[in-house]
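Trainee: This is the structure I have questions about; it appears just below.
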Amino acid sequence: MPVLTRLIPSPLVVDIRPGALDDLGCVLADERISHSGRLAIAVSGGSGARLRERIAPSLPGATWYEVGGGTIDDAVRLAGDIKAGRYDAVVGLGGGKIIDCAKFAAARVGLPLVAVATNLAHDGLCSPVATLDNDAGRGSYGVPNPIAVVIDLNVIREAPVRFVRSGIGDVISNISAVADWELAHRVKGEKVDGLAAAMARQAGEAVLRHPGGVGDDAFLQVLAEALVLTGIAMSVSGDSRPSSGACHEINHAFDLLFPKRAAAHGEQCGLGAAFAMYLRGAHEESAYMAEVLRRHGLPVLPREIGFTPDEFVRAVEFAPETRPGRYTILEHLDLKTEQIKDVYADYVKAIGS
Numbered sequence: 016m017p018v019l020t021r022l023i024p025s026p027l028v029v030d031i032r033p034g035a036l037d038d039l040g041c042v043l044a045d046e047r048i049s050h051s052g053r054l055a056i057a058v059s060g061g062s063g064a065r066l067r068e069r070i071a072p073s074l075p076g077a078t079w080y081e082v083g084g085g086t087i088d089d090a091v092r093l094a095g096d097i098k099a100g101r102y103d104a105v106v107g108l109g110g111g112k113i114i115d116c117a118k119f120a121a122a123r124v125g126l127p128l129v130a131v132a133t134n135l136a137h138d139g140l141c142s143p144v145a146t147l148d149n150d151a152g153r154g155s156y157g158v159p160n161p162i163a164v165v166i167d168l169n170v171i172r173e174a175p176v177r178f179v180r181s182g183i184g185d186v187i188s189n190i191s192a193v194a195d196w197e198l199a200h201r202v203k204g205e206k207v208d209g210l211a212a213a214m215a216r217q218a219g220e221a222v223l224r225h226p227g228g229v230g231d232d233a234f235l236q237v238l239a240e241a242l243v244l245t246g247i248a249m250s251v252s253g254d255s256r257p258s259s260g261a262c263h264e265i266n267h268a269f270d271l272l273f274p275k276r277a278a279a280h281g282e283q284c285g286l287g288a289a290f291a292m293y294l295r296g297a298h299e300e301s302a303y304m305a306e307v308l309r310r311h312g313l314p315v316l317p318r319e320i321g322f323t324p325d326e327f328v329r330a331v332e333f334a335p336e337t338r339p340g341r342y343t344i345l346e347h348l349d350l351k352t353e354q355i356k357d358v359y360a361d362y363v364k365a366i367g368s
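Here it is in structure tokens:
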């Protein structure tokens, strides 16, 4: 019998530790990503500029490009600038917007992407997707995985703690997302990639069950690893199913209905996940998830991010329209306004107000 296997798209290098940023040039040379040191480095004008001053002396062959924002125009402009040079790789040094612009630009010019994350706000740092604003709102663009991911825990601790909390909510929501995927398999016959589901679920469980907090290196290490694993899980499955279910539909509904008031991505996803778990009848799991989210300073009720119960109900009702074709507990139950209000009231009682 032949031995059957598959290749998993994943980074060549994952370097997560205190001080990792200072060794960036050596790591890329040792792994044969860039012997010459000719790197195109995309940074923001804020924290990126400060980090540039710190590490530029160790990267004398690099060219630095300041990225204005997270739009498709910014990414196309960056690609045009990079194309004029001869580089070994593109480095995205910053938060999600900078890394997504760098991902898109690197794919456009055919160069490998090195993701150097300065915060842990969401799982996009290692995903095969670049999320960019466009004239129609916001779009997701397929790109290759980063060839390397570098996360300096010293830098992470310098970022606002809200970014870490957002990452916690995003990765914990994997648990709800995988449950939705399995529901779609049972009801609709949708194929579940067992490896991708296992990776995403275990990433979420590792963070959910960890006793540490946002100020602990051990906890930040597990959170960073979980976000990387989630990105790889999406590559394995070929879509966002391992990390995006009803939780993300609710998040997208907030973004679309209340664009000027929406909270952080992970805050909304964590809240959406706790409520979705309650919807599917997993009341004990929902209560525990809410307890952990609260322990880390994340919202579990809409008022904690500035929304009324009626606005939350409206978001839940609208949520299925944000991802046509995706089957989650929201599509399965197909609840109407008054039904959502009743379930929400029960959810509040269950988790405690």
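Note that the numbering used here numbers the sequence shown so that position 239 is 254, with each residue one more than the last.
Where a beta carbon is used, it is the ideal one built from N, C-alpha and C, also for glycine.
Please check the pair Cys284 and His298, which I expect to be a contact at CB under 8 Å, by giving their CB distance rounded to whole angstroms.
Mentor: Here residue 284 corresponds to residue number 269 of the sequence shown, with the count starting at 1. Here residue 298 corresponds to residue number 283 of the sequence shown, with the count starting at 1. Not a contact, Cβ separation roughly 20 Å.
Trainee: Specify, as a first and last residue, the run of the beta strand (DSSP E) that Thr146 falls within.
Mentor: Counting from 1 along the sequence shown, the entry for residue 146 is found at position 131. Per DSSP, Thr146 belongs to the beta strand (DSSP E) from 144–149.
Trainee: Take Ile183 as the anchor and find which of Gly228, Val144, Leu147 has the nearest alpha-carbon.
Mentor: Taking the sequence shown and counting its residues from 1, one reaches residue 183 at position 168. Measuring from the Cα of Ile183, the nearest candidate turns out to be Gly228.
Trainee: Is it the case that the Cβ atoms of Glu46 and Val28 are separated by a distance below 7 Å?
Mentor: Residue 46 sits at position 31 when you count from the first residue of the sequence shown. Residue 28 sits at position 13 when you count from the first residue of the sequence shown. Yes; because the gap between Cβ atoms is below 7 Å, this pair is in contact.
Trainee: Among Ala288, Asp115, Leu198, which has the Cα closest to the Cα of Cys141?
Mentor: For the purposes of this step, residue 141 is identified with residue 126 of the sequence shown, where counting begins at 1. Closest option to Cys141, judged by alpha-carbon separation, among Ala288, Asp115, Leu198: Asp115.
Trainee: Within 10 angstroms of its Cβ, does Lys206 collect 16 or more other Cβ (buried), or is it exposed?
Mentor: Taking the sequence shown and counting its residues from 1, the one referred to as residue 206 is at position 191. Lys206 is exposed by the Cβ-count criterion.
Trainee: Could you say which of Gly110, Arg101, Asn160 lies nearest to Pro127 if we only look at CA atoms?
Mentor: Within the sequence shown, the letter at position 112 stands for residue 127. Here the closest residue by C-alpha is Asn160.
Trainee: With DSSP as the reference, identify every bridge partner of Asp30, one or two as the case may be.
Mentor: As a first step, residue 30 is located in the sequence shown; it is residue number 15 there, counting from the start. Partner(s): Val165.
Trainee: At what residue ranges does the segment 182–258 contain a whole run of the alpha helix (DSSP H), taking only runs of 4 or more?
Mentor: 209–224, 232–252
Trainee: Looking at the strands, I want to know which residues DSSP matches up with Glu81.
Mentor: Taking the sequence shown and counting its residues from 1, one reaches residue 81 at position 66. Paired residues: Val58.
Trainee: Terminal residues of the continuous alpha helix (DSSP H) containing Val365?
Mentor: Numbered from its first residue, the sequence shown carries residue 365 at position 350. Residue 365 is actually Ala in this sequence, not Val. Where Ala365 is concerned, the enclosing alpha helix (DSSP H) stretches over 352–366.
Trainee: Three-state secondary structure (DSSP) at Gly139?
Mentor: Here residue 139 corresponds to residue number 124 of the sequence shown, with the count starting at 1. Correct three-state label for Gly139: helix.
Trainee: Classify Asn134: buried if its beta carbon has 16 or more other beta carbons within 10 angstroms, exposed otherwise.
Mentor: Position 119 of the sequence shown holds residue 134. It counts as buried.
Trainee: Quick test of the definition: if touching needs 3 or more C-beta pairs under 8 Å, does the segment 214–233 touch the segment 187–199?
Mentor: The segment 214–233 and the segment 187–199 touch, with no fewer than 3 CB-CB distances between them shorter than 8 Å.
Trainee: Could you compute how far the alpha carbon of Ala360 sits from the alpha carbon of Val315?
Mentor: Counting from one through the sequence shown, the residue named residue 360 turns up at place 345. Counting from one through the sequence shown, the residue named residue 315 turns up at place 300. C-alpha separation (whole angstroms): 13 Å.
Trainee: State buried or exposed for Asp89, treating a residue as buried only when at least 16 other CB atoms are found within 10 Å of its CB.
Mentor: As a working note, residue 89 is residue 74 in the sequence shown. Under this definition Asp89 is a buried residue.
Trainee: Do Ala278 and Ile366 have their C-beta atoms closer together than 7 Å?
Mentor: By one-based count along the sequence shown, residue 278 stands at place 263. By one-based count along the sequence shown, residue 366 stands at place 351. Contact flag unset, no.
Trainee: Please list, in chain order, all residues of the same chain as Ala261 whose beta carbon is under 6 Å from its beta carbon, the five residues on each side excluded.
Mentor: Position 246 of the sequence shown holds residue 261. So the list reads Asp195, Ala291, Thr343, Ile344, Leu345, once near-sequence residues are dropped.
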